[in-house]
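Number of protein chains: 2
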Amino acid sequence: MAERLTVGVAARLSRYLQVLTQARKMGKDRISSQEIAEYTNINATQIRRDLSGFGRFGKRGVGYSVDSLLAEIRKILRTQGQHNIALVGAGRLGAAIASSPIFAEHGITIAAVFDNDPVKVGTTLDGVPISSLDELDAIVHDRSIVVGVLAVPAEAAQAAADRLVEAGVKIIFNYTQALIHSPSDVQVHTSNPAVELLYALYFHLT
Amino acid sequence: MAERLTVGVAARLSRYLQVLTQARKMGKDRISSQEIAEYTNINATQIRRDLSGFGRFGKRGVGYSVDSLLAEIRKILRTQGQHNIALVGAGRLGAAIASSPIFAEHGITIAAVFDNDPVKVGTTLDGVPISSLDELDAIVHDRSIVVGVLAVPAEAAQAAADRLVEAGVKIIFNYTQALIHSPSDVQVHTSNPAVELLYALYFHLT
DNA sequence: TAGATTGTTAATCGATTAACAATC
DNA sequence: TAGATTGTTAATCGATTAACAATC
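Chains as they are written, first to last, in this note's numbering: chain A, 1 to 206; chain B, 1001 to 1206.
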C-alpha cells in the first residue's frame, strides 16, 4: 500500500475508527459491516469494499474482530502515535474542548493553551498552563506542534490564525464563523454546526 | 426544481451559504467562484456547475452578487425560516453552544435547555431557562422542536437521545463520543473533532 | 477593446449498490 | 448441515476537472 488514500476513503476509514474505538469500550469483540453501517450511515457493501482493499480482515459468517480491525485501520491511517496540538482561546468553547475526553481517547494531547486575557494567562485550563499569544511562536516551535485549534471570538480568528501559521502550524481547526485566509500549504478545516444543521433540516423538510 | 437535492449538492450549497453569510458581514457586494473555492476547498468549476443547475445567478466577467446568491441558496435549501432547537446538557460544552452567535446568524434559536443537575435546573443559560429532563417531552412537544443537540457526558448520551426520540425529535446532533442507537426515521449526526483531526493529519503526514 | 469570469461541454474517475459465490 | 457474513463482481450514477466559448 504505497499510494495515498483518496479523500473519501480516508474520511470513511476515520469514521470506522471511531465506531471501533467505542465498540471496544463497550466490550464488543466482534462487529459486522452491517453494524458499522448503522452507526455511520455508510452502506455496508461500501465498508466491506473499503476494508477488502487492504487485506482480508474479516471472517465470513462471523464479522470483524474489533481489536484487530482497529489496529489495521490505525496502521493504514498512520495514527498510532501521539500528537500534540495547540488550543487558542480559553473561553467557554476552549474550556469545553480542553475538558473533553474525546482527544485523549485518540492519542491527541492538548500541549499548549493560549489566550490574550491577562487575567487568564498564568492560570491553568484542565491542567495545561495558559500562555499569552506572544509566547505562541516559541512554544509551538519548542513542542513541534503542527495542529492548532481556534476557539476565539470571530473577530480575533484571523490574527490568531496568522500567528499559528507564522509559528509553522500546518493544520488549523477553525471553530469560529470567520473565514480564514491562509497560505496554500496550510489546511484550514472550518466547522460550523449551524450549517450542518441547515443541511440536515433540508432532508427532514423534503 | 421539484427533485430532491443529492446529499453532495446539499452539503456543498450549505457551505456556500456560510461563506456568503460571512462575506456579507465583511461588506462584500460581489464574490467569484474562485473566491468561494479558496474558502471551501471546493473546486471553482464545481461551484459554478452546482449553481448553474438552478439558474444563471452570476455575471460573466464580474462574479456573483453576494446578497442575491444568498437569497437563491436559501430558497433552494428552504432555510429561510426560523428554527427552534433543544440543547441537552448545560455543562461546559452546552454553555459554549448556547453562547455562540453561530446559530442565531442562521436563524436557529435555542428554545430550550435541559440538564439533570438539580442545582442548574431553574437557573438560565444565556437567557434560556434550564429545565429538568423530566420536562423534556412536554416542552419539546409544546415548542414543535424537531432538532436536539446532545452535549452531555458520553454515559448519559443514549438515555438523553431516547428521551428526545420519544418526544418526537427527528434530528439529533451528537457531540459526545458515544454511539447512538435510534429508529430509522431519526437522523443522528455525530461530530467528533478528534476523528476529523486524525483524518487531516493523514494528509499532512503523507 | 482587453481582461475577467461565468456557464457548459466532454471526458475521466471514484462512489454506490445489488447480487451472489465463497466460506466461516 | 443451516445460517450468517464476508469478499468480489458488474453495472450505474454522481463528482470532478480541464478547457473554452460566451459575455460582462
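Think of the CB as a built atom: it goes at the ideal place given N, C-alpha and C, for glycine as much as any other residue. Small disclaimer: the values here were computed from a predicted structure and weren't measured.
In the DSSP assignment, find the unbroken beta strand (DSSP E) run with B/Leu1150 in it and report its ends.
-> The residue labelled residue 1150 of chain B in the question sits at position 150 within the second sequence. Val1147 to Leu1150 is the span of the beta strand (DSSP E), which, as asked, contains B/Leu1150.
What's the C-alpha gap between B/Glu1072 and A/Glu155?
-> Translated into the one-based positions of the second sequence, residue 1072 of chain B becomes position 72. Translated into the one-based positions of the first sequence, residue 155 of chain A becomes position 155. About 27 Å.
Tell me which same chain residues have a C-beta within less than 6 Å of the C-beta of B/His1189, skipping the five on either side of it?
-> Taking the first residue of the second sequence as 1, we reach residue 1189 of chain B at position 189. Closer than 6 Å at the Cβ level, and outside the excluded window around B/His1189, lie Phe1173.
Under 9 Å (Cβ pairs) to chain B, residues found in the stretch 2-27 of chain A = Arg4, Leu5, Val7, Ala10, Ala11, Leu13, Ser14, Arg15, Leu17, Gln18, Val19, Thr21, Gln22, Ala23, Lys25 and Met26
Would a C-beta distance cut-off of 9 Å place A/Thr79 and B/Leu1179 closer than the cut-off?
-> The residue given as residue 79 of chain A occupies position 79 in the first sequence. The residue given as residue 1179 of chain B occupies position 179 in the second sequence. Contact: no.
Taking the beta strand (DSSP E) that A/Thr109 falls in, what are its first and last residues?
-> One-based indexing of the first sequence puts residue 109 of chain A at position 109. Run containing A/Thr109: Ile108 to Phe114, per the beta strand (DSSP E) assignment.
Nearest residue (CA-CA) to A/Gly127, options A/Pro118, A/Pro153, A/Pro183 and A/Thr109 | Against the first sequence, residue 127 of chain A aligns to sequence position 127. Ranking A/Pro118, A/Pro153, A/Pro183 and A/Thr109 by Cα distance to A/Gly127 puts A/Thr109 first.
Would a C-beta distance cut-off of 9 Å place A/Tyr175 and A/Leu150 closer than the cut-off?
-> Within the first sequence, residue 175 of chain A is the residue found at index 175, counting from 1. Within the first sequence, residue 150 of chain A is the residue found at index 150, counting from 1. Against a cut-off of 9 Å, the Cβ pair of A/Leu150 and A/Tyr175 comes out as a contact.
Would you mind working out which of A/Ile31, A/Leu70 and A/Ala104 sits nearest A/Arg60, comparing C-alpha positions?
-> Your numbering for residue 60 of chain A matches position 60 in the first sequence. Here the closest residue by C-alpha is A/Ile31.
Specify, as a first and last residue, the run of the beta strand (DSSP E) that B/Pro1129 falls within.
-> The residue labelled residue 1129 of chain B in the question sits at position 129 within the second sequence. Its beta strand (DSSP E) spans residues Val1128 to Ser1131.
Can we say the stretch 1096-1116 of chain B touches the stretch 102-117 of chain A, given the rule of at least three CB pairs closer than 8 Å?
-> no
Pick from B/Val1165, B/Leu1051, B/Met1026 and B/Gly1081: whose alpha carbon is nearest that of A/Gln158?
-> As a working note, residue 158 of chain A is residue 158 in the first sequence. The residue with the shortest Cα to Cα distance from A/Gln158 is B/Met1026.
Nearest CA to the CA of B/Asn1041: which residue from A/Pro193, A/Pro183, A/Asn84 and A/Arg92?
-> On the second sequence, residue 1041 of chain B is found 41 positions in, with the first residue counted as 1. Taking the Cα of B/Asn1041 as reference, the smallest distance to any Cα among A/Pro193, A/Pro183, A/Asn84 and A/Arg92 is reached at A/Pro183.
Determine the direct distance from the alpha carbon of A/Gln177 to that of A/Asn192, and round the result to whole angstroms.
-> For the purposes of this step, residue 192 of chain A is identified with residue 192 of the first sequence, where counting begins at 1. For the purposes of this step, residue 177 of chain A is identified with residue 177 of the first sequence, where counting begins at 1. So the alpha carbons of these two residues sit roughly 7 Å apart.
Quick one: what does DSSP say B/Lys1025 is sitting in, helix, strand or coil?
-> Residue 1025 of chain B sits at position 25 when you count from the first residue of the second sequence. Reduced to three states, the DSSP call for B/Lys1025 is helix.
CB A/Asp67 to CB A/Tyr16, shorter than 9 Å?
-> By one-based count along the first sequence, residue 67 of chain A stands at place 67. By one-based count along the first sequence, residue 16 of chain A stands at place 16. Cβ atoms of A/Asp67 and A/Tyr16: not closer than 9 Å.
Could one say the Cβ of B/Tyr1064 lies closer than 9 Å to chain A's Cβ atoms, at least one of them?
-> The residue given as residue 1064 of chain B occupies position 64 in the second sequence. By this cut-off, B/Tyr1064 is not an interface position.
Measuring from the CB of A/Asp115, is there a heavy atom of the ligand NAD at a distance below 8 Å?
-> This structure lacks the ligand NAD; in fact it carries no ligand of any kind.
Contact check, B/Asp1145 vs B/Ala1167, beta carbons under 9 Å = Your numbering for residue 1145 of chain B matches position 145 in the second sequence. Your numbering for residue 1167 of chain B matches position 167 in the second sequence. Per the sequence shown, the amino acid found at residue 1145 of chain B is Ile instead of Asp. Yes. Within cutoff.
Residue from B/Lys1028, B/Val1140 and B/Val1165 with nearest C-alpha to B/Gly1063 = The sequence position of residue 1063 of chain B within the second sequence is 63, counting from 1. Nearest option by C-alpha distance: B/Lys1028.
Below 9 Å between beta carbons: does that hold for B/Glu1196 and A/Ser99?
-> Position 196 of the second sequence holds residue 1196 of chain B. Position 99 of the first sequence holds residue 99 of chain A. Contact: no.
Contacts that A/Ala90 makes with chain B (C-beta to C-beta distance below 9 Å) = As a first step, residue 90 of chain A is located in the first sequence; it is residue number 90 there, counting from the start. Result: empty, since nearest Cβ-Cβ is about 12 Å, beyond 9 Å.
From B/Ala1200 to B/Val1147, what distance separates their C-alpha atoms?
-> The residue labelled residue 1200 of chain B in the question sits at position 200 within the second sequence. The residue labelled residue 1147 of chain B in the question sits at position 147 within the second sequence. B/Ala1200 and B/Val1147 have their C-alpha atoms some 29 Å from each other.
Mind listing, in chain order, the continuous beta strand (DSSP E) runs of no fewer than 3 residues lying wholly within the stretch 31-90 of chain A?
-> Taking 3 residues as the minimum length, the beta strand (DSSP E) runs contained wholly in the stretch 31-90 of chain A are 63-65 and 83-88, in order along the chain.
Element boundaries [alpha helix (DSSP H), containing B/Ile1139] | Reading the second sequence from its first residue, position 139 is the one you call residue 1139 of chain B. Residues Leu1136 to Asp1142.
Anything in chain B within Cβ reach of A/Ser99, meaning under 7 Å, just list it in chain order.
-> Translated into positions along the first sequence, residue 99 of chain A becomes position 99. Near A/Ser99 (Cβ distances below 7 Å), the residues of chain B are Arg1092.
Answer yes or no: does any C-beta atom of chain A fall closer than 9 Å to that of B/Gln1046?
-> By one-based count along the second sequence, residue 1046 of chain B stands at place 46. No, B/Gln1046 does not count as interfacial toward chain A.
Give the DSSP-derived three-state secondary structure of A/His181 in the structure shown.
-> Your numbering for residue 181 of chain A matches position 181 in the first sequence. In the three-state DSSP reduction, A/His181 falls in the coil class, being neither helix nor strand.
For B/Asn1192, return the contacting residues in chain A, with the cut-off set at a CB-CB distance below 7 Å.
-> Along the second sequence, read from residue 1 onward, the residue named residue 1192 of chain B stands at position 192. Result: Gln18 and Ile102.
Same chain, Cβ closer than 7 Å to B/Asp1185, neighbours up to 5 away in sequence not counted | On the second sequence, position 185 is the one that residue 1185 of chain B refers to. Lys1170.
Under three-state DSSP, which class holds A/Phe173?
-> Residue mapping note: residue 173 of chain A aligns to position 173 of the first sequence, counting from 1. In the three-state DSSP reduction, A/Phe173 falls in the strand class (E or B).
Determine whether the Cβ of B/Glu1038 lies closer than 9 Å to any Cβ atom of chain A.
-> The residue labelled residue 1038 of chain B in the question sits at position 38 within the second sequence. Chain A has a Cβ within less than 9 Å of the Cβ of B/Glu1038.
Under the DSSP definition of a beta bridge, which residues are partnered with A/Thr190?
-> Along the first sequence, one-based indexing puts residue 190 of chain A at 190. A/Thr190 pairs with A/Asn174.
Own chain partners of A/Arg12 with C-beta closer than 7 Å, once the 5 adjacent residues on each side are dropped | Numbered from its first residue, the first sequence carries residue 12 of chain A at position 12. Ile42 and Asp50, listed in sequence order.
Do A/Leu93 and A/Leu125 come within 9 Å of each other at the CB atom, strictly closer than that value?
-> Indexing the first sequence from 1 puts residue 125 of chain A at position 125. Indexing the first sequence from 1 puts residue 93 of chain A at position 93. No, they are not a contact pair.
Within chain B, partners of A/Phe173 - CB distance below 9 Å | As a position in the first sequence, residue 173 of chain A is number 173, starting the count at 1. Going along chain B in sequence order, the residues near A/Phe173 (Cβ under 9 Å) are Pro1193, Glu1196, Leu1197 and Ala1200.
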